[in-house]
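K.L.:
Going down the list, the protein sequences come from chains A and B.
Sequential numbering from 0 applies to the first sequence in numbering that gives the first Met the number 0.
Sequential numbering from 0 applies to the second sequence in numbering that gives the first Met the number 0.
Note that the Cβ used here is the ideal one computed from N, Cα and C, for glycine as well.
The model shown is predicted, which means the values in this text are computed figures rather than measured ones.
Have a look at the structure that comes next, please.
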Amino acid sequence: MDKRSDLALALATLVFGAMYYYMTDELPAGRVQDPLGPAWIPRMLAILVIVSALWIVAKRLWQWNRTPGWEIEPEGETDEPGFPASLRRVLSMLALAIAYVVALPQLGFLIATPLALGAGLAILGTRQWQQVLGQPLAFTLVLYLFFDMFLGVGLPMGLLEVLRG
Amino acid sequence: MEAVFTTVSNSLAFALQPTALMLVIAGTAFGILLGALPGITGVTGMAIVLPFTYNMTPEHGIVLMVSILVGSQFGNSIPAILIRTPGTPAAVLVVVEGYKLHQRGEGGRALGLSLASSTIGQVISILAFIAFVVPLSRLAVKILFPEIFALVLLGLVSAASLTGKSPVKGLIACSIGIILSTIGPDPVTSQPRFDFGLLELRVGLDIIPVLIGLLAFSEVFVASRQVISFGGVAGKLGAALPTWSDLRQCSLPIGLGTVIGVFIGALPGAGGTIASFISYNQARLWSKRPDQFGKGSIEGLTAADSANNAAVGGELIPTLGLGIPGAAGMVVILGALMLQGVQPGPLLLQSRPQLLDATFGGLLMATLAMLILGLLLIRPSIRICTIARPTVIMATFALVVVGVYSINWSMSDVVVAVGLGFVGYLMTRYGYPTAPAVLGFILGGLLEENLRRGLIMTDGFGGFLSRPGTVVFLVAAAFTAVLPFILERSRKRARAATTDLVA
Chain A
0 MDKRSDLALA LATLVFGAMY YYMTDELPAG RVQDPLGPAW IPRMLAILVI
50 VSALWIVAKR LWQWNRTPGW EIEPEGETDE PGFPASLRRV LSMLALAIAY
100 VVALPQLGFL IATPLALGAG LAILGTRQWQ QVLGQPLAFT LVLYLFFDMF
150 LGVGLPMGLL EVLRG
Chain B
0 MEAVFTTVSN SLAFALQPTA LMLVIAGTAF GILLGALPGI TGVTGMAIVL
50 PFTYNMTPEH GIVLMVSILV GSQFGNSIPA ILIRTPGTPA AVLVVVEGYK
100 LHQRGEGGRA LGLSLASSTI GQVISILAFI AFVVPLSRLA VKILFPEIFA
150 LVLLGLVSAA SLTGKSPVKG LIACSIGIIL STIGPDPVTS QPRFDFGLLE
200 LRVGLDIIPV LIGLLAFSEV FVASRQVISF GGVAGKLGAA LPTWSDLRQC
250 SLPIGLGTVI GVFIGALPGA GGTIASFISY NQARLWSKRP DQFGKGSIEG
300 LTAADSANNA AVGGELIPTL GLGIPGAAGM VVILGALMLQ GVQPGPLLLQ
350 SRPQLLDATF GGLLMATLAM LILGLLLIRP SIRICTIARP TVIMATFALV
400 VVGVYSINWS MSDVVVAVGL GFVGYLMTRY GYPTAPAVLG FILGGLLEEN
450 LRRGLIMTDG FGGFLSRPGT VVFLVAAAFT AVLPFILERS RKRARAATTD
500 LVA
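Below is the structure:
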């Protein structure tokens, strides 16, 4: 794993902890009956996160010059060897997910879902157009029939609201 | 003894009802096929099914979840042996030995032994489960707020320290989960906290979006990193089945694996993966043919597989006995129960004793189903191994979104799931384990409520800390927190010592 990213993530966690602690200021203090009050556990958690994040930051910086290059011993899940890994693909998927969530109420399930699934398949490397077009349509239909018709979950219809009648 | 007999007969009576039986068969089959699917783990599959359990009773829900889990434990071995891909990290050792066997044309033998060791490991672990969970839950009856707090703390610290490579990161992950649980009404005063003025946050975050986001949606993002294609299953499946002498040769590894699996599984935080590695190493130490390990050793294969499966029974012990799950699969099971309004924590079995019968019955029938369906589904599973990963990933994507939406018909739930999905991706990549985070979310409220109510009850810290049960659990929690550091020290010392010997 890249030690710069690990350090950045630890710093972000540190900032998060500090922000969370700051937000506990608004909470009321404890009363006689309930000595800790609503702020105590959040404060403890914030301190725990801050101290732990500092530990990681300190450890990374301490060992910074010991390891040449940017790669260090991975602590999380690693990529399977032999296949190229791309952060850009992950970010594309995130953008797709966000776009889907935004579009779903507007366009409705039956329109947004095939588009999203098709785009997703393309991002993930599916090249055959029959699959990129066919699978999303088929799967959307299956999901619609199962969730909306069979289970009665009112999926958002968006533009096709008229179908609800 | 009589209690055990009653439980067994009640459990079978429950599990043999048509609905329960249908769920067992469907769940186990789904689990096996799911284990064979590339790109997603059994836990993700369980998380996908989770919203469907909304309309079931808790007993049926747990039967379904347990069946899927049991099925996926065998299903994982299929791609491991045939296409060198572990369905979960726990199947890594199955890959090491099983794939070599397949390359020698002994794929059928490997699969058969995998099935046999999985079944045996499972059955024995179920017996251990029943033996331990009943007294454990009886113990739980005697405890009050302070003990509950200390016990929950022990479970959380244990899960945070023992999962993953970095206990400090585990601690952060767990804390973040608890922090997420603080959004919403205060457990004692009911005043809103951290709601940013948003109506959606006033009631707090729902368990489903958080669980599915961190455990399932994160996998969608992780799987998107690489485009992995398979050339198909190399070579035909060797039709030869394992022989009786094979089984006899493997009896020690299977026995070891089962015992190790149950004990390691029962520790919150340690699970099937660690158990399979320890069992594999032990089997190698005791084996008459240690040189076979790494080259297609059936002893190594069965040791790892039986430990993996036995861990399921072990993991269920604290999950049901104390209401404190210790592994990702157990977290999902608890999530399913919470969806039904069952409260986590030591009083879980007290509040719903029928759950024990349902779990036990479900486990027994699912193991039987795994044996039968395992044999039947090997061929279809091979086909499934080779389904294109993008298809699986996008199918997961769609199912997860719709599943989360279907609980409250709420898009904001979906937003939470997507957001936490990306957070979960970052966490997974950089070593902040997601299962303790979800655990922290589930148990956070319990932790805080029992601490504060406990202090109110004992009128301050003095009374609180003079309770023997509380002190024992708190000391154990402190010990578990430093344990990884002690182990790391002794490991470094051992490594230095051997280097000295060599040099």
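Could you pull the DSSP bridge partners for residue 1 of chain A from this structure?
P.N.:
In the DSSP output, where bridge partners are listed per residue, residue 1 of chain A has A:70.
K.L.:
What residues from chain A crowd round residue 288 of chain B, counting only those whose CB sits closer than 7 Å?
P.N.:
Residues of chain A passing the Cβ test: none, with the nearest at roughly 29 Å.
K.L.:
In whole angstroms, what is the alpha-carbon distance linking residue 424 of chain B and residue 90 of chain A?
P.N.:
Residue 424 of chain B and residue 90 of chain A: Cα-Cα distance of roughly 11 Å.
K.L.:
Please classify residue 105 of chain A as buried or exposed, where buried requires at least 16 other C-beta atoms within 10 Å of its C-beta.
P.N.:
Looking at its Cβ environment, which holds fewer than 16 other Cβ atoms inside 10 Å, residue 105 of chain A is exposed.
K.L.:
Could you round the C-beta distance between residue 158 of chain A and residue 110 of chain A to whole angstroms and report it? I think they count as a contact, below 8 Å.
P.N.:
That pair is a contact at about 6 Å.
K.L.:
So residue 151 of chain B is in the alpha helix (DSSP H); what residue range does that whole segment cover?
P.N.:
Residue 151 of chain B -> alpha helix (DSSP H) spans 144–161.
K.L.:
Compute the beta-carbon to beta-carbon distance between residue 118 of chain B and residue 366 of chain B, rounded to the nearest angstrom, for a pair I have assumed lies under 8 Å.
P.N.:
That belief holds up - the Cβ atoms of residue 118 of chain B and residue 366 of chain B are roughly 6 Å apart, short of 8 Å.
K.L.:
Would residue 115 of chain B pass as a contact of residue 435 of chain B if the rule is Cβ separation under 8 Å?
P.N.:
Contact flag unset, no.
K.L.:
Could you name each continuous alpha helix (DSSP H) segment of 4 residues or more that falls completely within the segment 241–268 of chain B, going from the start of the chain to the end?
P.N.:
DSSP runs (the alpha helix (DSSP H)) wholly in the segment 241–268 of chain B: 243–248, 250–265.
K.L.:
Check the DSSP bridge columns for residue 184 of chain B and list the partner residues they point to.
P.N.:
According to DSSP, residue 184 of chain B bridges with B:191.
K.L.:
Spell out whether any CB of chain B is found under 8 Å from the CB atom of residue 105 of chain A.
P.N.:
No, residue 105 of chain A lies away from the interface with chain B (no Cβ there is under 8 Å from its Cβ).
K.L.:
Quick one: is residue 467 of chain B buried, meaning 16 or more other Cβ sit within 10 Å of its Cβ, or exposed?
P.N.:
Label assigned to residue 467 of chain B: exposed.
K.L.:
At least one CB of chain A closer than 8 Å to the CB of residue 247 of chain B: is that the case?
P.N.:
Not an interface residue.
K.L.:
Rounded to whole angstroms, what is the Cα-Cα separation between residue 61 of chain B and residue 357 of chain B?
P.N.:
Going from the Cα of residue 61 of chain B to the Cα of residue 357 of chain B covers about 7 Å.
K.L.:
Based on Cα-Cα distance, which residue from B:282, B:22, B:19, B:46 lies nearest to residue 332 of chain B?
P.N.:
Ranking the options by Cα distance to residue 332 of chain B, first place goes to B:46.
K.L.:
Taking 8 Å as the cut-off, decide whether the C-beta atoms of residue 373 of chain B and residue 31 of chain B are in contact.
P.N.:
Yes.
K.L.:
Secondary structure at residue 14 of chain B, three-state DSSP: helix, strand or coil?
P.N.:
Three-state result, residue 14 of chain B: helix.
K.L.:
According to DSSP, is residue 84 of chain A part of a helix, a strand, or is it coil?
P.N.:
In this structure, residue 84 of chain A counts as strand in the three-state DSSP scheme.
K.L.:
Report the CB separation of residue 266 of chain B from residue 325 of chain B in whole angstroms; it is logged as a contact under 8 Å.
P.N.:
Rounded, the Cβ-Cβ distance is 7 Å, consistent with contact.
K.L.:
At the 8 Å Cβ level, is residue 428 of chain B part of the contact set with chain A, yes or no?
P.N.:
By this cut-off, residue 428 of chain B is an interface position.
K.L.:
Name the chain A residues that come within less than 7 Å of residue 413 of chain B, Cβ to Cβ?
P.N.:
Those are 100, listed as they occur along chain A.
K.L.:
Would you kindly check if the distance between the Cβ of residue 162 of chain B and the Cβ of residue 268 of chain B is under 8 Å?
P.N.:
In this structure, residue 162 of chain B lies closer than 8 Å to residue 268 of chain B by Cβ.
K.L.:
Tell me which residue opens and which closes the alpha helix (DSSP H) that residue 412 of chain B is part of.
P.N.:
Looking at the DSSP string, the run of the alpha helix (DSSP H) that includes residue 412 of chain B is 410–429.
K.L.:
Suppose the cutoff is 8 Å on Cβ atoms and the five residues either side in sequence are ignored; what does the same chain contact list for residue 120 of chain A look like?
P.N.:
Taken in chain order, the residues that qualify are 130, 131, 134, 135.
K.L.:
Check whether the Cβ of residue 73 of chain B sits closer than 7 Å to any heavy atom of the ligand NAD, and report yes or no.
P.N.:
Ligands are entirely absent from the displayed structure, and the ligand NAD is therefore not among its contents.
K.L.:
Report the rounded CA-to-CA distance for residue 219 of chain B versus residue 100 of chain A, giving the unit in angstroms.
P.N.:
Each residue's Cα considered, the two are about 16 Å apart.
K.L.:
Just checking: is the beta-carbon of residue 243 of chain B within a distance shorter than 8 Å of some beta-carbon in chain A?
P.N.:
Cβ-Cβ to chain A under 8 Å: no for residue 243 of chain B.
K.L.:
Unbroken beta strand (DSSP E) runs of length 3 or more, entirely within the segment 72–133 of chain B: which are they?
P.N.:
Qualifying beta strand (DSSP E) stretches: none in this window.
K.L.:
Compute the beta-carbon to beta-carbon distance between residue 377 of chain B and residue 110 of chain B, rounded to the nearest angstrom, for a pair I have assumed lies under 8 Å.
P.N.:
Sure, about 6 Å apart at Cβ, within 8 Å.
K.L.:
Report back the beta-carbon spacing between residue 583 of chain B and residue 472 of chain B to the nearest angstrom; my notes put them in contact at under 8 Å.
P.N.:
The first residue shown for chain B is 0 and the last is 502, placing residue 583 of chain B beyond what the model contains.
K.L.:
Pairing CB atoms from the segment 81–100 of chain B with CB atoms from the segment 292–304 of chain B, are three or more of them under 8 Å?
P.N.:
Counting Cβ pairs under 8 Å, three or more are found: they touch.
K.L.:
Report the three-state DSSP secondary structure of residue 32 of chain A (helix, strand or coil).
P.N.:
Coil.
K.L.:
Closest by CA to residue 443 of chain B, which one among B:184, B:487, B:164, B:464?
P.N.:
For residue 443 of chain B, the nearest C-alpha among the options comes from B:184.
K.L.:
Does the beta carbon of residue 194 of chain B come closer than 8 Å to any beta carbon on chain A?
P.N.:
No - not a single Cβ of chain A is within 8 Å of the one on residue 194 of chain B.
K.L.:
Considering only residues of the same chain and omitting the five flanking positions on each side of residue 113 of chain A, which have a CB-CB separation below 7 Å?
P.N.:
Only 135, 136, 139 meet the Cβ criterion.
K.L.:
What are the boundary residues of the alpha helix (DSSP H) that residue 37 of chain B is part of?
P.N.:
Unbroken run through residue 37 of chain B: none, as it is neither H nor E.
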